[in-house]
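Chains as they are written, first to last, in this note's numbering: chain A, 572 to 687; chain B, 20 to 133.
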Amino acid sequence: GAGVSQSPSNKVTEKGKDVELRCDPISGHTALYWYRQSLGQGLEFLIYFQGNSAPDKSGLPSDRFSAERTGGSVSTLTIQRTQQEDSAVYLCASSRGSYPSRDEQFFGPGTRLTVL
Amino acid sequence: TQLLEQSPQFLSIQEGENLTVYCNSSSVFSSLQWYRQEPGEGPVLLVTVVTGGEVKKLKRLTFQFGDARKDSSLHITAAQPGDTGLYLCAGARAGGTSYGKLTFGQGTILTVHP
Numbered sequence: 572g573a574g575v576s577q578s579p580s581n582k583v584t585e586k587g588k589d590v591e592l593r594c595d596p597i598s599g600h601t602a603l604y605w606y607r608q609s610l611g612q613g614l615e616f617l618i619y620f621q622g623n624s625a626p627d628k629s630g631l632p633s634d635r636f637s638a639e640r641t642g643g644s645v646s647t648l649t650i651q652r653t654q655q656e657d658s659a660v661y662l663c664a665s666s667r668g669s670y671p672s673r674d675e676q677f678f679g680p681g682t683r684l685t686v687l
Numbered sequence: 020t021q022l023l024e025q026s027p028q029f030l031s032i033q034e035g036e037n038l039t040v041y042c043n044s045s046s047v048f049s050s051l052q053w054y055r056q057e058p059g060e061g062p063v064l065l066v067t068v069v070t071g072g073e074v075k076k077l078k079r080l081t082f083q084f085g086d087a088r089k090d091s092s093l094h095i096t097a098a099q100p101g102d103t104g105l106y107l108c109a110g111a112r113a114g115g116t117s118y119g120k121l122t123f124g125q126g127t128i129l130t131v132h133p
């Protein structure tokens with residue numbers, strides 16, 4: 572596909588379970604971002620990958636959250652021991668990475684996570 | 020700490036009215052972007068402004084970046100029901116460890132009634 576894809580689109584889990592969210596960025600984009608969005612609110616930055624550089628993890632809310640980006644392409648966001656406050660829409664975005672502070676970020680449709 | 024204060028949070032108007040959404044900060048940004056998001060979808064970029072005092076127009080939408088690059092506004096003329104959505108401003112800090120990372124405002128939910 573031409574755009575950013577995310578899977579699953581919806582995930583319902585029980586408190587204490589681990590979840591994995593997947594992001595397939597646009598081919599050739601070197602920058603990849605994860606955000607969290609509560610209902611009707613702005614986006615909370617979680618983590619940023621740029622090429623082969625060490626990721627910027629400064630937005631991860633706790634050590635239960637981690638993310639990987641394999642081969643400079645697909646990324647997985649993992650939440651361990653989920654809590655009810657983790658319920659939100661998790662958005663992934665990618666950009667060309669040529670001028671990170673000005674590049675357009677292309678967003679996926681998000682994964683809606685519900686923790687019961 | 021919210022670096023970008025966006026207002027108003029909610030806006031409900033009639034078709035044909037004009038409106039302005041504001042995005043304010045005490046921090047300087049190297050660039051500022053405005054996105055629009057519809058339910059069930061990710062945000063889509065409307066415009067990027069990079070120069071203090073810059074004004075960009077996109078049909079009925081006018082975007083302005085403050086002279087000091089700390090604030091921005093989005094003005095919509097003669098709003099239409101198709102303008103309904105969540106509008107988000109996002110600023111990129113200049114350099115350092117924040118390079119490439121966008122800070123988003125809380126968003127403005129706009130509803131335009133026919």
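The beta-carbon is built from N, C-alpha and C at its ideal position, and this holds for glycine as well. No experiment lies behind these values; they were computed from the predicted model shown.
**Study point:** Proximity of Leu592/A and Leu687/A at Cβ, strictly below 9 Å
**Key:** Going by beta carbons, Leu592/A and Leu687/A fall outside the 9 Å limit.
Exercise for review: Using a Cβ cut-off of 7 Å, pull out every chain A residue sitting near Glu60/B, in sequence order please.
Suggested key: Ordered by position in chain A, the residues that pass the 7 Å Cβ test against Glu60/B are Pro680.
Exercise for review: Anything in chain B within Cβ reach of Phe636/A, meaning under 7 Å, just list it in chain order.
Suggested key: Those within 7 Å of Phe636/A in chain B number zero; the least Cβ separation is about 16 Å.
Review point. Are the C-beta atoms of Gly126/B and some chain A residue less than 9 Å apart?
Key: Yes, because at least one Cβ of chain A sits closer than 9 Å to the Cβ of Gly126/B.
Check your understanding: Helix or strand or just coil, what does DSSP make of Gly643/A?
Key -> In this structure, Gly643/A counts as helix in the three-state DSSP scheme.
**Study point:** Ranges of the beta strand (DSSP E) found wholly within the region 581-643 of chain A, counting only runs of at least 3
**Key:** If one requires a minimum length of 3 residues, the beta strand (DSSP E) runs lying completely within the region 581-643 of chain A are 581-584, 590-595, 602-608, 614-621, 636-640, in chain order.
Exercise for review: Have a look at Thr601/A and Lys76/B and give me their C-alpha separation to the nearest angstrom.
Suggested key: Approximately 30 Å between the Cα atoms of the pair.
Exercise for review: Kindly say whether Val69/B, judged by its beta-carbon, lies nearer than 9 Å to any beta-carbon of chain A.
Suggested key: Yes, its Cβ sits closer than 9 Å to a Cβ of chain A.
**Study point:** Contact list for Leu105/B against chain A, beta-carbon separation under 8 Å
**Key:** What Leu105/B touches in chain A: Gly611.
**Study point:** For Gly110/B, the three-state DSSP class (helix, strand or coil)
**Key:** Looking at Gly110/B - three-state DSSP - the assignment turns out to be strand.
Check your understanding: Nearest chain A C-beta to Phe82/B closer than 9 Å, yes or no?
Key -> It does not: the Cβ of Phe82/B has no partner Cβ on chain A nearer than 9 Å.
Check your understanding: How big is the Cα-Cα spacing for Ser92/B and Gln52/B?
Key -> Cα to Cα, Ser92/B sits roughly 11 Å from Gln52/B.
Review point. Does the beta-carbon of Asp589/A have 16 or more other beta-carbons within 10 angstroms, so that it is buried, or is it exposed?
Key: Exposed.
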